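Working notes for the structure below.
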Amino acid sequence: MTLEQARAALRSARRVAVLTGAGVSAESGIPTFRDAQTGHWSRFRPEDLASPEAYRRDPETVWQWYAGRYRDVSRAQPNEAHHLLARLERGKGEGFFLATQNVDGLHARAGSERLVELHGNLSTARCEACGTVAPLPDPEAFTPPPSCPVCGSRMRPNIVWFGEFLPELALEAAARAFEEAEVALIVGTSGQVYPAAGLALETRRAGGMVIEVNPDETELTPYMNCSVRDVASRGLAALMGEG
Ligand code: APR
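Just so you know, the sequence shown maps onto residues 66 to 308 in the working numbering.
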């Protein structure tokens with residue numbers, strides 16, 4: 066399918082579902098998980114920082130890592146790709162759904178509302194005892210670990226770690242939206258982490274059209290109707306008729 070056909074399909078679709086990954090935030094200067102492991106952190110493997118076992122073993126180190134990443138994303142700004150997706154949502158209204166694997170909160174800051182954050186959010190914490198979710202203080206004033214505002218217990222990062230389940234309601238809503246979508250956009254994700262990556266396949270299976278925006282080929286490329294080989298901002302602008 067040509068770019069022109071993909072653009073026409075996106076324009077006329079009443080139901081659009083979007084899946085984003087780290088690539089959508091690359092132009093905001095947010096390093097991917099592995100790229101962020103520089104200096105002191107280079108001796109840690111992702112599983113040493115982002116797993117329930119790691120947190121049980123050494124909560125202080127895990128919190129220091131997440132506090133640092135929270136500081137990084139607070140200083141970053143949403144880029145044109147985040148803004149274009151917020152604009153697409155305003156155009157499609159109730160027929161729009163955005164599922165992100167990113168924990169940086171940049172989609173919400175760009176104005177996206179019909180949004181689920183499948184892997185959690187760096188700017189909130191969750192109580193280990195009662196499950197309350199609360200925002201973290203300003204990054205400059207934050208010394209981990211935070212205490213629960215309701216019961217006073219220690220809170221953990223509100224992130225879905227390796228080996229943990231995704232929030233059930235969010236995943237169900239996303240699965241429904243991707244199944245019903247006439248067009249699904251898959252932006253800046255390598256498609257290696259399930260169940261998020263499987264959302265693209267839901268649309269395809271149900272007869273919808275699947276379009277990828279990624280400078281590189283991915284695991285999902287074979288299932289795409291169209292692959293736009295460009296960075297997220299330019300690829301989305303081209304698809305939305307603004308490039
Ligand atoms: N625009 C669009 N895509 C880009 C850009 C860009 N400017 N730069 C890089 N990419 C693409 C890469 O080609 C790659 O396919 O973004 C993708 C990033 O892949 P990953 O780093 O694997 O990120 P993601 O797919 O979000 O990872 C999924 O894995 O690390 C865990 O839980 C974490 O949510 C994360 C999940």
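We treat Cβ as the ideally placed atom computed from N, Cα and C, and that holds for glycine. Remember, it's a predicted structure, so these values are computed and weren't measured experimentally.
Sorting P214, G228, A261 by C-alpha distance to the C-alpha of A238 places A261 at the top.
Per the coordinates, the alpha-carbon of V278 lies some 26 Å from the alpha-carbon of Q102.
Counting along the chain, the unbroken alpha helix (DSSP H) around S139 starts and ends at 124-140.
Remark: the C-beta of S93 is outside contact range of the ligand APR, defined as less than 7 Å to any heavy atom.
Under the DSSP assignment, E178 falls outside any alpha helix (DSSP H); it carries neither an H nor an E label. Straight through space, the alpha carbons of L183 and A141 are spaced by roughly 21 Å.
In the three-state reduction of the DSSP assignment, S93 falls in the helix class. At a threshold of 7 Å, A297 counts as near the ligand APR, since its beta carbon sits closer than that to one of the ligand's heavy atoms. A distance below 7 Å between beta-carbons, with the five flanking residues on each side excluded, links A151 to the following residues of its chain, in chain order: A175, G176, S177. Check the Cα spacing between A206 and each of V225, R191, G133: the tightest is with G133. Residue burial annotation: P202 is exposed, with fewer than 16 other C-beta atoms found within 10 angstroms of its C-beta. The continuous stretches of beta strand (DSSP E) do not include G88, and DSSP gives it neither H nor E. Judged by beta-carbon spacing, P200 lies beyond the 8 Å limit of S218, meaning their Cβ atoms are not closer than that value. Contact between the stretch 68-84 and the stretch 102-119 is absent: fewer than three C-beta pairs spanning the two stretches fall below 8 Å. For secondary structure counted as the beta strand (DSSP E) over 3 or more consecutive residues, the stretch 192-272 holds these complete runs in sequence order: 198-200, 220-224, 248-252.
The C-alpha of S139 lies about 24 Å from the C-alpha of G196. Taking C-beta atoms under 8 Å as the contact rule, A265 and L285 qualify, at a distance of about 5 Å. Secondary-structure assignment with DSSP links V81 through a beta bridge to F161, V248. Rounded to the nearest whole angstrom, the C-alpha separation of P210 and V127 is 10 Å.
Beta bridge pairing from DSSP links S292 with E277. Counting other Cβ atoms within 10 Å of its Cβ, F230 stays below 16 and is therefore classed as exposed. Contact between Y288 and P222 is absent: CB atoms are separated by about 32 Å, not below the 8 Å threshold. Relative to the ligand APR, N279 has its C-beta within less than 7 Å of a heavy atom.
A Cβ-Cβ separation of about 6 Å places A246 in contact with V81 under the 8 Å criterion. A buried status is given to V252, since no fewer than 16 other beta-carbon atoms sit within 10 Å of its beta-carbon.
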